[in-house]
Each structure stands twice: as structure tokens, then as C-alpha cells.
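Q: So that we are looking at the same thing, I have put the structure below in C-alpha cells.
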Amino acid sequence: MYNPSELMFAILVVGVGATLVMDLWALFLKRVLAVPSLSYCLVGRWVSHMATGVFWHTKISNADVRAGECALGWVVHYLIGIAYAAILLVPMQGVWLSWLDQAPLSAFSIALLFGLTTVVFPFFIMQPALGFGIAAGNNPNPVQARLKTLVTHSVFGVGLFAAGFIYQWLQP
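Have a look at this one:
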């Protein structure tokens, strides 16, 4: 069990760390394999249009460009990563962190499976709202897009595991 301030710090470190690992993966895909990634500017555009009551788009790239959408998109991206870390850590009151030392295979399995379950948000909320269809069904190559999403969110799960160790390392 962790006190609330320790748990909040753990959520922050694990969420930001896992999201950073995911971003490094996306950078690798882009630079080494020439596989493009979703522009977080479009995420910012989507979120900024919510203020006007528009939540669903036929094609987000056709929506009006908004000032600050890129910065907003990146902030939202990291806030989502932090929220996912909270969903992992809060119900167990941080016990998962102690498993990193005591039962690393269990901790890794939970992190990886949790990362995989996070595809529910992009498949059923984000991609349809951006105009890409359920599970990227409107994408020119939906199978490739789905696999990329699954792998990227698996990498996020690995990032949760790695960031958990970073959190432990930061402890006195």
C-alpha cells in the first residue's frame, strides 16, 4: 500500500514513462521503417472541436485547423498515458509496483495485457471520432492499422513495466 502522494507520484512517473516509451517506438517506426504515425495535432484538433460541441468527424483532416492544436494534442496524449497508469495502479493501491521485484513475470504479464486492453479507446472511440471508422475500418489498409495499434499499445504495456522500475529507482 502506498500513501496518496506516493501513489500520485507513481502514477505520474509510470504514465509519462510508458507514454515516452510508446513515443520512442513511434519514432523508431517512422525513422527506421518509414511507418507513419498519427499526428497528435489531429488529436488536438479533435479535442479543441469538442468545445464547440463537435465530437465526431467525417474526416478530422478536413476539420478547421485550430490554434495550438499540436501542443494540445501532445498534452492530451500524455494525460491519457497518465490516466491509464492511474487505472492500472489505483484499484490495486500500487501493489503492482511491489510485484516488479517480488513477481516480475506477473508484473510484466499484467502490464502487457493492460497495454493490450487500452486499444479499446482508439478502436471504439478515437478512431471512429476522427473519421477512421471502428478499429480503423475506413483506413485504406485497416488490417495494417489495427496491427500497428495493437503493437503500439503492447509497447505501451512494456513501457508501463519499465517505468515501474524507474519509479522504484527514484525511491529513497
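In the working numbering, the protein residues as written are 823 to 994. We treat Cβ as the ideally placed atom computed from N, Cα and C, and that holds for glycine.
#1: If we count the other Cβ atoms within 10 Å of its Cβ and call it buried at 16 or more, is R853 buried or exposed?
#2: Does the distance from the CB of G916 to the CB of G979 come in under 7 angstroms?
#3: Does S928 pass the burial test, meaning 16 or more other C-beta atoms within 10 Å, or should it be called exposed?
#4: Taking I877 and A951 to be in contact with their CB atoms under 8 angstroms, please state how far apart those CB atoms are, rounded to whole angstroms.
#5: According to the Cβ coordinates, are L935 and V836 closer than 7 angstroms?
#6: Just mark V965 as buried or exposed, buried being the case when its beta carbon has 16 or more other beta carbons within 10 Å.
#7: Quick check: H879 and A873, are their CB atoms within less than 7 angstroms of each other?
A: On the basis of the data shown:
#1: So R853 ends up on the exposed side.
#2: no
#3: Burial call: exposed.
#4: The question names Ile, but residue 877 is Phe in the sequence shown. Distance from F877 to A951 at the Cβ level is roughly 6 angstroms; contact confirmed, criterion being Cβ atoms closer than 8 angstroms.
#5: no
#6: exposed
#7: no
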